[in-house]
Amino acid sequence: TYCNHQISCCRKMITIKVLVLSVTSIGVSHGFLGSQGDNHIGKRIAAANPLHAKAAKNKKKKSSHAPSGGGFGRAPEIKTPKEVNDFSVFPELDGAVAETLVPSVSELINEPGELPGEIYDRLDQIYGFPNFNYLTPEETATSFADLISAPTKNENTKLSDDVFASLLATATGETVPTSTGEAGREDSTIGAISAIEPFAKMRVLHIDPLVIAIDDFFTDDECDRYVTMCTAPSKNKKDSPFQTNSMTVGKDALAKAQRTSTTWFHHFKSVPELMAKASRLVGLKGIDQWEEPQTVRYRRQEKFTWHLDALSPSESTDNLGGQRTATLLVYHSELSKEDGGATIFRDLSADGSMLKVQPKKGSALLFFPAAGGIPNAPFDIRTLHCGEAVTEAAKQDKWISQLWLRENTYMPTAPAGNNHADATEAITQYCTDNQN
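Position 344 (the sequence shown) corresponds to 341 in my numbering; numbering is contiguous.
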């Protein structure tokens, strides 16, 4: 009985070993498993799938030595040092594209002031912002004589019905009816935004693609208020920001693992400073093209790995607001180089090294993720960037607010009930209190 039992056990073990050999051979032949001479295949799969890598690590046997080959053993894997930079998933710029890069000069990088005329030309002709940081509100006085000699509407005149009615009433002595409803509210917002002074402390960090820093964009008090809105929100839950783990564009595991910060989505009416100044900077007379305003906190060791802000074609259709044309970041805390937390552009350089923008309280950073680069491409791959990890030794967290501008009118989705029109009163009040 004992012998029969042993024979039966041996048969089972032989059967199991044969099955293991068969499965291993199939895996190697199809590239699913690494052979002794091709272990890198399995490594690539593990690197591409964090869950797979974690499971494989937990299954490793603790042993003082590994088989040297032969039998059912496998040669020991050679451990390769982990890459310090995690942008290897993005290919290097093509040579022809790299040749289009134009770095800035030390004077423009380090000395804040008015932008050169060439930069305004680029903002107009390449990026589509003809009224960027305009010096005075655009007001065109039209006399009645000009009106009767002006081209008709069929000739693409820009004279609006309201202007026509106003001039006609002036000539005839009649009273002009006052606009009401949403149109009237939008008119008040336009006038209020134009009352803000143009920004005078700007630095050109890179010329092509264009990256601009704006010093003193926010006051210290404004920066502190945005942090407080998140850490100690209002008791009125209807106006409180919506808190969530920071999300990234993309639905796969790699995209979700890119970011380890916390994000608060604000109601437009809760952040009048940000909305007014952002629109004033890029030369808009309203806010309906801006995505939901967000404030983000990066604690120690938290980061945002290499990514592009531009959207895929399916995410940038006209009914969704079109493509992102500008990214605006506002830094609410100050971090030194030793603290980390810099915004880094992989392929751009400044003063002979990789372009790194260290968080400076109250300053803003503006760049354009879609225009420029490869013609007819939906995004500018040269703007690949990351949020560097905040170091363990950092004295404080990294806090920023971020805004993305769309090509067309954008419909916000968070927080619930958020919309641009409700911000009109708050923006008007803020601009009136801070007009030049």
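Glycine is no exception: its CB is placed at the ideal position from the N, C-alpha and C atoms. Because the structure is a prediction, the values reported are computed rather than measured.
In this structure, I397 lies near V293, with their beta-carbon atoms less than 8 Å apart. With contacts defined as CB atoms closer than 8 Å, Q399 and L325 qualify as a contacting pair. K274 sits in a helix when the DSSP states are folded into three classes. Here DSSP, grouped into helix, strand and coil, assigns F129 to coil. In the three-state DSSP reduction, L325 falls in the strand class (E or B).
For R119, the enclosing alpha helix (DSSP H) begins and ends at 114 to 122. DSSP lists I341 as the bridge partner or partners of C383. Nearest neighbour of L105 by Cα position, chosen from N416, D121, I204, turns out to be I204. N242 carries a strand assignment under DSSP once its states are collapsed to helix, strand and coil. With at least 16 other beta carbons inside 10 angstroms of its own, M226 counts as buried. The segment 332 to 348 makes no contact with the segment 304 to 317; the number of CB pairs closer than 8 Å stays below 3.
The alpha carbon of W287 has as its nearest neighbour, out of K266, V208, P310, the alpha carbon of K266.
Distance from the CA of A229 to the CA of S258, rounded to the nearest whole angstrom, comes to 18 Å. Straight through space, the alpha carbons of T260 and P356 are spaced by roughly 17 Å.
Taking C-beta separations shorter than 6 Å and ignoring five residues to either side along the sequence, the partners of P269 in its chain run A423, I424, Y427, following chain order.
Bounds of any beta strand (DSSP E) do not take in I193, whose DSSP letter is neither H nor E.
For I106, there is no enclosing beta strand (DSSP E); the residue is part of the alpha helix (DSSP H) that begins and ends at 103 to 107. If you compare the alpha carbons of D348, T410, L207 with that of L120, the shortest gap goes to L207. If you look at Q298, you'll find it isn't in any beta strand (DSSP E); DSSP assigns it neither H nor E. Here the C-alpha atom of L278 lies approximately 11 Å from the C-alpha atom of P127.
Non-local beta-carbon contacts of E219 in its own chain, meaning distances under 7 Å to residues more than five positions away in sequence, involve E270 in chain order.
Cβ-Cβ distances below 6 Å link D212 to P109, K198, S360 in the same chain, with the five nearest sequence neighbours on each side left out; the list follows chain order. DSSP places Q291 in the strand class (E or B) of the three-state scheme.
Taking 8 Å as the cut-off, the beta carbon of I193 is found no closer than this to the beta carbon of K282. Relative to A275, the option among G92, N130, V99, S103 whose CA is nearest is N130. Of the candidates S311, T216, Q298, the residue whose Cα lies closest to the Cα of A339 is Q298.
Under the DSSP assignment, A93 falls in the alpha helix (DSSP H) whose first and last residues are 92 to 95.
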